[in-house]
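Protein chains: 2
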Amino acid sequence: MVLKGLTERELRAWRTSFEMLELLRTRIEQQLQASSGLSNADYTVLALLSEAPDRRMRVFELARGAGWEKSRMHHQLTRMGKRGLVIRERCGSRGMEAVITADGLAALRKAAPSHAQEVRRLFVDRLTPEELDQFAGLSATILDSLRADSSPG
Amino acid sequence: MVLKGLTERELRAWRTSFEMLELLRTRIEQQLQASSGLSNADYTVLALLSEAPDRRMRVFELARGAGWEKSRMHHQLTRMGKRGLVIRERCGSRGMEAVITADGLAALRKAAPSHAQEVRRLFVDRLTPEELDQFAGLSATILDSLRADSSPG
Chain W
1 MVLKGLTERE
11 LRAWRTSFEM
21 LELLRTRIEQ
31 QLQASSGLSN
41 ADYTVLALLS
51 EAPDRRMRVF
61 ELARGAGWEK
71 SRMHHQLTRM
81 GKRGLVIRER
91 CGSRGMEAVI
101 TADGLAALRK
111 AAPSHAQEVR
121 RLFVDRLTPE
131 ELDQFAGLSA
141 TILDSLRADS
151 SPG
Chain U
154 MVLKGLTERE
164 LRAWRTSFEM
174 LELLRTRIEQ
184 QLQASSGLSN
194 ADYTVLALLS
204 EAPDRRMRVF
214 ELARGAGWEK
224 SRMHHQLTRM
234 GKRGLVIRER
244 CGSRGMEAVI
254 TADGLAALRK
264 AAPSHAQEVR
274 RLFVDRLTPE
284 ELDQFAGLSA
294 TILDSLRADS
304 SPG
């Protein structure tokens, strides 16, 4: 079935890219789960919070940094809160903030080295340095325009 | 926190690429859900089955085509089965097959045109034709090596 509105070439480009992204996510998560019990989503939240000033971020900004909808981030924070990895705190008129706990920071530090190795093995080392720069540059172009685009949802 | 084992440049390339992918998936799914009630996962399964001979595939091959683990595909097929979009059938010694139903095909056909428009708007049209070919080519390189790699999980 050809998607109306896309040429064969465009459809192939989209499918190859989307399938690669799905498989890469799957593989990265397999290693993360096996070595640390963390999902890709857990890791993303912990990494973003660990690098923020005072290790806390507004939920709105955290969702933006992860590329998720705010409702998805709230669900994720609820699950991580139950496991003691993060807490949420109300911050006056500024809404909710998420804060990484000592346990969350420890989990991140334990997971990071083997996660980095897997990112290198499955992604970084599959391309030449020039190709990696190209891929990141094109990703940045798409990311910038996605961010500039007001969400239809 | 710098991931040990990755240089700053490599880490930036990974994060930009991963964040773009997360945001792109989110946006594409928002439009799909709003217009048709289908998730990205639903759409992927329906599209793969609709193009297969006799509109059926072994669950193993379907999972491979989607870039997922087999267990994830079984969970997905259970949910889609409850909604009448697919059925699963045992096929002798060849294991389980998934088949798209008439309702599944109708749902796919209804969703396809606006989905294609959104893929064009958010991805295809953000790059020049040359950049799109570049991106797809690099994605294919990574995809091929991911497939050749035996899963650690």
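Line by line, the protein sequences give chains W and U. Everything in the first sequence is counted per our numbering, starting at 1 for the first residue and increasing by one. Everything in the second sequence is counted per our numbering, starting at 154 for the first residue and increasing by one. C-beta: ideal position from N, C-alpha, C; glycine also.
Who pairs with V239 of chain U in a beta bridge, going by DSSP?
Stepping through the second sequence from its first residue, residue 239 of chain U is reached at position 86. Answer is U:I253, bridged to V239 of chain U.
Buried or exposed (CB count within 10 angstroms, at least 16 for buried), E22 of chain W
Here residue 22 of chain W refers to the residue found at position 22 of the first sequence. When all chains shown are included, E22 of chain W counts as buried.
Just by C-beta distance, which residues in the segment 263-283 of chain U are closer than 7 Å to chain W?
A265, P266, H268, A269, Q270, V272, R273, L275, F276, V277, R279 and L280
Expressed to the nearest angstrom, what Euclidean distance is found between the alpha-carbon atoms of R55 of chain W and R12 of chain W?
Stepping through the first sequence from its first residue, residue 55 of chain W is reached at position 55. Stepping through the first sequence from its first residue, residue 12 of chain W is reached at position 12. Each residue's alpha carbon lies about 42 Å from the other.
If the cut is a Cβ gap below 8 Å, which residues of chain W does R232 of chain U touch?
Position 79 of the second sequence, counting from 1, holds the residue named residue 232 of chain U. Within chain W, no residue comes near R232 of chain U; the closest Cβ sits about 17 Å away, beyond 8 Å.
Residues sharing a beta bridge with M57 of chain W, DSSP
Looking up residue 57 of chain W in the first sequence gives position 57. The partner list for M57 of chain W (beta bridge, DSSP) reads W:A98.
Which of helix, strand or coil does DSSP assign to E175 of chain U?
For the purposes of this step, residue 175 of chain U is taken as residue 22 along the second sequence, with counting starting at 1. Helix.
Report back the beta-carbon spacing between R90 of chain W and G81 of chain W to the nearest angstrom; my notes put them in contact at under 8 Å.
As a working mapping, residue 90 of chain W is identified with position 90 in the first sequence. As a working mapping, residue 81 of chain W is identified with position 81 in the first sequence. The C-beta distance from R90 of chain W to G81 of chain W rounds to 14 Å, too long to meet the 8 Å contact threshold.
Spell out whether any CB of chain W is found under 8 Å from the CB atom of D286 of chain U.
As a first step, residue 286 of chain U is located in the second sequence; it is residue number 133 there, counting from the start. It does; some Cβ of chain W falls within 8 Å.
Give me the Cα-Cα distance between V86 of chain W and A47 of chain W, rounded to the nearest whole angstrom.
For the purposes of this step, residue 86 of chain W is identified with residue 86 of the first sequence, where counting begins at 1. For the purposes of this step, residue 47 of chain W is identified with residue 47 of the first sequence, where counting begins at 1. Distance between the alpha carbons of V86 of chain W and A47 of chain W is about 12 Å.
Relative to chain U, which residues along the segment 12-35 of chain W have a C-beta separation below 9 Å, given in chain order?
For the segment 12-35 of chain W, which is checked against every Cβ of chain U, the residues closer than 9 Å are R12, A13, W14, R15, T16, S17, F18, E19, M20, L21, E22, L23, L24, R25, T26, R27, I28, E29, Q30, Q31, Q33 and A34.
Can you tell me which of the three DSSP states W221 of chain U falls into?
Against the second sequence, residue 221 of chain U aligns to sequence position 68. In this structure, W221 of chain U counts as coil in the three-state DSSP scheme.
Using a Cβ cut-off of 8 Å (strictly closer), state whether M1 of chain W contacts chain U.
Position 1 of the first sequence, counted from the start, is the residue given in the question as residue 1 of chain W. Low confidence applies here, because M1 of chain W scores a pLDDT of 46, under 50, leaving its location unreliable; read the following figure in that light. Yes, M1 of chain W counts as interfacial toward chain U.
Compute the distance between the beta-carbons of E172 of chain U and G67 of chain W, then report whether it is under 8 Å.
Numbered from its first residue, the second sequence carries residue 172 of chain U at position 19. Numbered from its first residue, the first sequence carries residue 67 of chain W at position 67. Yes.
Can you round the beta-carbon distance between V277 of chain U and L6 of chain W to whole angstroms, since I take them to be within the 8 Å contact cut?
Walking along the second sequence from the start, residue 277 of chain U turns up at place 124. Walking along the first sequence from the start, residue 6 of chain W turns up at place 6. Contact holds; Cβ gap of about 7 Å.
Neighbourhood of D256 of chain U by C-beta distance below 7 Å, restricted to the same chain and skipping five residues each side:
Locating residue 256 of chain U in the second sequence gives position 103, counting from the first residue. The residues G237 and L238, in chain order, have a CB closer than 7 Å to that of D256 of chain U in the same chain once the five nearest residues on each side in sequence are set aside.
Quick check: the Cα distance between H227 of chain U and L185 of chain U, rounded to an integer number of angstroms?
The sequence position of residue 227 of chain U within the second sequence is 74, counting from 1. The sequence position of residue 185 of chain U within the second sequence is 32, counting from 1. When rounded, the distance between both Cα atoms is 22 Å.
Using only CA atoms, which one of U:V198, U:A260, U:R273 and U:M210 lies nearest to S188 of chain U?
Along the second sequence, one-based indexing puts residue 188 of chain U at 35. Taking only the C-alpha atoms, the option nearest S188 of chain U is U:A260.
Can you name the residues of chain U whose CB is closer than 7 Å to the CB of A102 of chain W?
If you number the first sequence from 1, residue 102 of chain W lands on position 102. Neighbours of A102 of chain W on chain U: none; closest Cβ ~15 Å, over 7 Å.
Quick one: is S139 of chain W near chain U, going by C-beta distance under 8 Å?
By 1-based counting over the first sequence, the position of residue 139 of chain W is 139. Yes, its Cβ sits closer than 8 Å to a Cβ of chain U.
Whole-angstrom distance between E163 of chain U and R120 of chain W, CA atom to CA atom:
Residue mapping note: residue 120 of chain W aligns to position 120 of the first sequence, counting from 1. Residue mapping note: residue 163 of chain U aligns to position 10 of the second sequence, counting from 1. So the alpha carbons of these two residues sit roughly 8 Å apart.
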